[in-house]
Structures are given as C-alpha cells and as structure tokens.
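Student:
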Amino acid sequence: MDDNQERKDFSSTESDSQLSADEETLLDQLGITGAARRKFLGQSMAALLGTFAFHLLAKEEAFSTLAAAPDAVFAQTAGVENAVKVLLKINGSTQRLEVDSRMALLDALRERLGLTGTKKGCDQGQCGACTVIVDGRRVLSCLTLAASCEGKEVTTIEGIADGDNLHPMQAAFIKHDGFQCGYCTPGQICSAVALLEEAKNGDASHVTDNLRTSTQNVALSDEEIRERMSGNICRCGAYPGIVAAIREVQSGRETAQAWHFASDEEIAVALLNEGGKTDATV
0 MDDNQERKDF SSTESDSQLS ADEETLLDQL GITGAARRKF LGQSMAALLG
50 TFAFHLLAKE EAFSTLAAAP DAVFAQTAGV ENAVKVLLKI NGSTQRLEVD
100 SRMALLDALR ERLGLTGTKK GCDQGQCGAC TVIVDGRRVL SCLTLAASCE
150 GKEVTTIEGI ADGDNLHPMQ AAFIKHDGFQ CGYCTPGQIC SAVALLEEAK
200 NGDASHVTDN LRTSTQNVAL SDEEIRERMS GNICRCGAYP GIVAAIREVQ
250 SGRETAQAWH FASDEEIAVA LLNEGGKTDA TV
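Residues 0 to 281 in numbering that gives the first Met the number 0 are what the sequence shown spells out, letter by letter.
Structure representation (structure tokens):
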C-alpha cells in the first residue's frame, strides 16, 4: 500500500463512506479532502439538524393552536396514587387536600401548599429542621403522614408571627443572634415555642429534678433548655444564642443584647485604629 493510499484511508470518516459517488466526485472537484472534508460534513449536518428542529417546533406550535375534534379521545392524566382527602387547618386557614396516603406532612406543606419555611434537612427525623406544631405539640413533619393530621391544627413558621408583629421568640432569636445561616431557624423557633407550652403544662424532661413537685410551670434552666432542644441541630453552632433567647422569653426578664450593628463612626474608628497598628509594625 502506497503513502497516498494510507493518507486517504487515515483521512476517511464514517460519513465519507455514506456519501454517494456523485457527492464524492463533487467534493473532490471542490478540493475538499481530509480534515477539511470532515469539518465540511460536520457543519452541513449541524445546519441540517437545526433546520429540522426549527420546522418541528413550528409544526408543534401550529398544532397547538388547532381546536380539538369533537370526537377526539385523550389519554387520562395520571392521578394521585392511593389518594385520600384530608382537611387541615394550616396557620388558621382551612385547607382541603387530596394527597397520596404515604405523603409526609413536610412534602404536603412545601410542595402542595407552598409553605417553604419548613425545611427539609435530613428527611430522617434526625436534624429537626422540619419541626412544626400540630395541636400544640411539636412534631417532625418529615416523619408525620399528612393523612394522620386530618382535622388537626398545624402551625408552621409562617403562622408564628401576628401579621407584621414578630412572636416574642422570633424577636428574641434576633436579639440574641440565635441563628447564622438560618436554615435550621424555622424548626428551632417552632420547637422553642412548643417547648414553652410543654414547660407550662409541667411536662418533664430527662433532666427535670423533681417529678413530684414539678406539676406545672417547670423552671427552664440552661440545662433544661439544652435537653429539650437537643432534637434540633444547628450546624452553625448558634446554641448559646438559642438558649439565651428561650431563657429570656420563658422568664420574662430581659437581658442585655450582646451585640449590635456597628455605626459609621465606630467603623471609622476601627479602621483608623487598625491602620495605626499596621503602621506601628512596619
């Protein structure tokens, strides 16, 4: 086999083998060979596909404007499997839903009602980000079936505030910097609000000292708060602020805010001092 034949075989492509004899002759006459031929064929194919797609979209758009024939038969839209009808009272508003009997309350809130304040974290009941209040008790909505909440009152983070007026727990979380990224905060606040009711009703925890005398209004020490909030994980580590916020709301005794937004004057002084330190070390 000579060198010319080897070069011809090396430059041949699968597309070349699909050309007719007339197309081969035309490309040879135009001097389109080797890499140039492969590039030319690729560009031609791309242009052909683009034209085909354009005509296809135009046809679909035209068909979409046509009225259906009176005797046309359409395939039925897939419905909800294992459908059950549920009547819920969400944040004071009655909601009627048809859901899969296996749907979690978390998914019903987020996907069906658009209440995305309740977060999906681990989806296994481990992190507490999905905590909501059902009939006054905090529950993990990722492990609670929506169908099991028939006729019950559900309060999510969207229903904690009174209009534009923050719930005291929300205000305390802001005051004591009880959150950073904010992802776990809705579950933390719902859990904290329900925790206060549990303590008011005398519900004991693992660290409650005396179960005989503590029938109502359990005093919430820092240890009690940490134990009762242990199901809510904060990956940012804002636990000290969370404990301080809950302690203030439960005790009713306001404590000093440990932080504040720096004023323009404070920022200017800090920058000046920082500049002085830098100059002193040069």
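We put the CB at the ideal spot given by N, CA and C, even for glycine.
A103 by DSSP, collapsed to three states: which one?
Tutor: Strand.
Student: By the 10 Å Cβ neighbour count, where 16 or more other Cβ atoms means buried, how is T216 classified, buried or exposed?
Tutor: One detail in the question is off: residue 216 reads as Asn in this sequence, not Thr. Exposed: under 16 other Cβ atoms inside 10 Å.
Student: Taking all protein chains shown into account, do 16 or more other C-beta atoms lie within 10 angstroms of the C-beta of T64, making it buried, or fewer, making it exposed?
Tutor: Its Cβ having fewer than 16 others within 10 Å, T64 is exposed.
Student: Within 10 angstroms of the Cβ of F178, are there 16 or more other Cβ atoms? Answer buried if so, exposed if not.
Tutor: F178 should be labelled buried.
Student: Which partner residues does I89 have in the DSSP bridge list?
Tutor: Answer is S92, V153.
Student: I need the DSSP call for A198, collapsed to helix, strand or coil.
Tutor: Looking at A198 - three-state DSSP - the assignment turns out to be helix.
Student: Helix, strand or coil: how does DSSP classify E253 here?
Tutor: Coil at E253, not helix or strand.
Student: Pairing CB atoms from the stretch 144-164 with CB atoms from the stretch 200-210, are three or more of them under 8 Å?
Tutor: No: the two stretches stay apart, fewer than three of their Cβ pairs being nearer than 8 Å.
Student: Can you name the start and end residues of the alpha helix (DSSP H) that R225 belongs to?
Tutor: Its alpha helix (DSSP H) spans residues 221-227.
Student: Thinking C-beta only, is G186 closer than 9 Å to G130?
Tutor: Note that residue 130 is Thr in the sequence shown, not Gly. Their beta carbons are under 9 Å apart, which means T130 touches G186 by this criterion.
Student: So, for G49: in the same chain, excluding its five sequence neighbours on each side, which residues have a beta-carbon less than 8 Å away from its beta-carbon?
Tutor: If we look at G49 and ignore the five residues flanking it on each side, it has no Cβ neighbours.
Student: Exposed or buried, M168, counting other C-beta atoms within 10 Å across all chains shown (16 or more means buried)?
Tutor: With 16 or more other Cβ atoms within 10 Å, it is buried.
Student: Mapping DSSP to helix, strand and coil, what is R6?
Tutor: Unreliable placement is indicated for R6, whose pLDDT of 49 sits below 50; the coordinate value is still reported in the next sentence. Note: R6 maps to helix in three-state DSSP.
Student: As a quick exercise: from T155, E157, Q123, V192, pick the residue whose alpha carbon is nearest that of F172.
Tutor: Here the closest residue by C-alpha is V192.
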